[in-house]
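Position one of the sequence shown corresponds to residue 2 (the working numbering), numbered consecutively onward. A quick write-up on the structure given underneath.
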Amino acid sequence: MGIVAVLDAIDAIVWGPAMITLLLGSHVFLTCRTGFIQRKLGKGIKLSITRDPDAEGDISQFGALTTALSATIGTGNIVGVATAVLSGGPGAVLWMWFTGVFGIATKYAETYVSVKYRVKDHNGNMLGGAMYAWKRAFQRKDGSNPWWATLGSVLFAVFAVIASFGIGSAVQSNSLSSVITTNFPGVPSWAVGLIVVILVSIVIFGGVKSISRVCEKLVPVMAVLYVVGCIAIICINWQYVGPAIALIFECAFTPRAAFGGAVGSGLMVALQFGCARGLFSNESGLGSAPIVAAAATTRNPARQALVSMTGTFWDTVVICALTGIVLVSTMIANPQIAADILAGKITAGAALTNEAFATIPYVGTPILVVGLVLFSYSTILGWSYYGNRAAAYLFGKHGVRPYQVIYVAVAFLGAIGVGNAVWTASDIANALMAIPNIIVVLLLSGVVARETKHYVYDDNLDEQATDEIPTVSTK
């Protein structure tokens, strides 16, 4: 058995029922623990566009949100939805949506923990994430840490670095390169890779403020354009939208095959693939977005946690749902797509997405191409910061520049189609980084619940947190 086959087998295990149960179970538990924080979504959206100039931090709350969204709004929102439909049937779309709704609470809780236990480096820059939560929350009075807390922090940082190379760099640049070379056959992949390296390097070597500035401008534009495009397609397919939604609900709760048996193979399969793709898409519980949330200017952890949780809403509850309705309604309108699936001509989510969008005259393919290119590029930027902070935690400030050089090199290799084993290994690391993150969030859920009552439910969101932010060495 080759290395790729071994890694594929491991990947199937770590992203199997146990991981889905851990993440989805945490979503439900933290929803209850936070008093169904989802009902404060409107407040979070309002805060996301409200500046907090008197608070400490490196970037605005909106900048932190858009940087996090740049990493989560990616191929998972387009190709990932198609993969879920192809493997689990239309019902998978509803289960993806449910993971987004309940995942809002987990995104709130993990962000709260990250901001509460953030630290400063010698330059006054904010640092946060699960590694610092493990380090500070369980620190003894003499300044030492239990071995298990040290292990949790190190494991999270190691897995975050590995995951960033694949899921953040190689996979995204490969998707970007594939969509360009497919639609413009004369463009060589190495040229696309070179352009990606240049465009990424210009931004990420400038640090979090540079990344944030680009994402603040890029993410809203690309998201709005994609949503408008999806709505346009839905309007074109308007007579099939009702049947599409009905089919999604029916297949989510009954063991029914759809499209003449082309897709859909039972309730549990729809549940498994819908939850897995939903969790992969919004990253709630993985601990990635809280790393950049810790850099936000916010007077208390609850404010930024409310802002960050809106990211899961936009990512999965809105964009993934729209993509799902577009795909299912288009498949109903065009039976030939189902015939191609049965004939083995369409076997992957990317192919299904391309076929579905291509059936829409004039706007379908451009929406897909522009969406994938922008989403992939923004994800590369967002994940570069996650890996950057994890590398700095492990190796100090001297580890940042080597990490950035390797990151852009991996982006080039991804663009030219090198590194299947690296991609699968990073996907495994992406799942494994969720374990220490979820554990520390669950251990601190009592703190989150108690302080959420004070700040959110007792209407003290304007109160300045009294916790002092310590300075740590980054040599």
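Beta carbons: idealized from backbone N, C-alpha and C, even for Gly. Fair warning: this is a prediction, and the values are worked out from it, not measured in the lab.
Might you give, ordered along the chain, the residues of its own chain that have their beta carbon closer than 8 Å to the beta carbon of residue i, omitting 5 neighbours on each side?
| i | result |
| --- | --- |
| Asp-463 | Arg-300 |
| Leu-395 | Val-155, Ala-158, Val-159, Val-162 |
| Val-319 | Val-228 |
Does residue i come out as helix, strand or coil in the three-state DSSP assignment?
| i | result |
| --- | --- |
| Lys-121 | strand |
| Met-20 | helix |
| Met-434 | coil |
| Ala-466 | coil |
| Lys-108 | helix |
| Phe-139 | coil |
| Ile-417 | coil |
| Asp-459 | coil |
| Thr-360 | coil |
| Leu-287 | coil |
| Ile-50 | coil |
| Leu-195 | helix |
| Ala-10 | helix |
| Cys-324 | According to the sequence displayed, residue 324 carries Thr and not Cys. Of the three classes helix, strand and coil, the one that applies to Thr-324 here is helix, per DSSP. |
| Asn-389 | helix |
| Asn-238 | coil |
Residue i and residue j: beta carbons closer than 8 Å?
| i | j | result |
| --- | --- | --- |
| Leu-95 | Ala-253 | yes |
| Thr-331 | Asn-238 | yes |
| Gly-26 | Val-441 | no |
| Ala-412 | Val-201 | yes |
| Val-193 | Leu-177 | yes |
| Gln-39 | Val-80 | no |
| Ala-131 | Pro-471 | no |
| Ser-385 | Ser-165 | yes |
| Pro-291 | Thr-112 | yes |
| Trp-98 | Thr-317 | yes |
| Ile-11 | Ile-429 | yes |
| Ile-235 | Val-327 | yes |
| Val-329 | Ile-249 | yes |
| Cys-321 | Val-82 | yes |
Could you name the residues of the same chain whose beta carbon sits closer than 7 Å to that of residue i, not counting the 5 residues immediately before and after it, in chain order?
| i | result |
| --- | --- |
| Leu-31 | Ala-106, Thr-107, Ala-110, Ser-446 |
| Trp-191 | Ile-417 |
| Ala-466 | Arg-300, Asn-301, Pro-302 |
| His-455 | Asn-461 |
| Ile-46 | Thr-311 |
| Arg-119 | Met-127, Leu-128, Gly-129, Tyr-133, Ala-295, Ile-470 |
| Met-434 | Phe-157, Phe-160, Ala-161, Ala-164, Leu-287, Gly-288 |
| Ile-381 | Gly-169, Ser-170, Gln-173, Ser-174, Val-201, Ala-412 |
DSSP has residue i in a bridge; who is on the other side?
| i | result |
| --- | --- |
| Met-310 | Answer by DSSP bridge pairing: none, since Met-310 is not bridged. |
| Met-127 | Lys-121 |
Within the same chain, show all residues whose beta-carbon is closer than 6 Å to that of residue i, passing over the 5 residues directly before and after it, in chain order.
| i | result |
| --- | --- |
| Arg-34 | Ser-446, Ala-450 |
| Met-20 | Ala-432 |
| Val-370 | Val-180, Asn-184 |
| Gly-104 | His-28, Asn-283, Ser-285, Thr-313 |
| Leu-195 | none |
| Ala-306 | Tyr-109, Thr-112, Tyr-113 |
Hey, is residue i's beta-carbon within less than 8 Å of any beta-carbon in chain C?
| i | result |
| --- | --- |
| Tyr-113 | The structure shown contains no chain C, having only a single protein chain. |
Taking 8 Å as the cut-off, does the stretch 331-338 touch the stretch 353-372 (at least 3 CB pairs, one atom from each stretch)? Yes: at least three Cβ pairs fall under 8 Å.
The stretch 377-394 / the stretch 198-207 touching (three or more Cβ pairs under 8 Å): A contact exists between the stretch 377-394 and the stretch 198-207.
Does the stretch 367-377 come within contact of the stretch 135-155, defined as at least 3 CB pairs closer than 8 Å? No, the stretch 367-377 does not touch the stretch 135-155.
Contact between the stretch 398-405 and the stretch 170-185 (3+ Cβ pairs under 8 Å): The way I'd put it, the stretch 398-405 doesn't touch the stretch 170-185; fewer than three beta-carbon pairs between them come closer than 8 Å.
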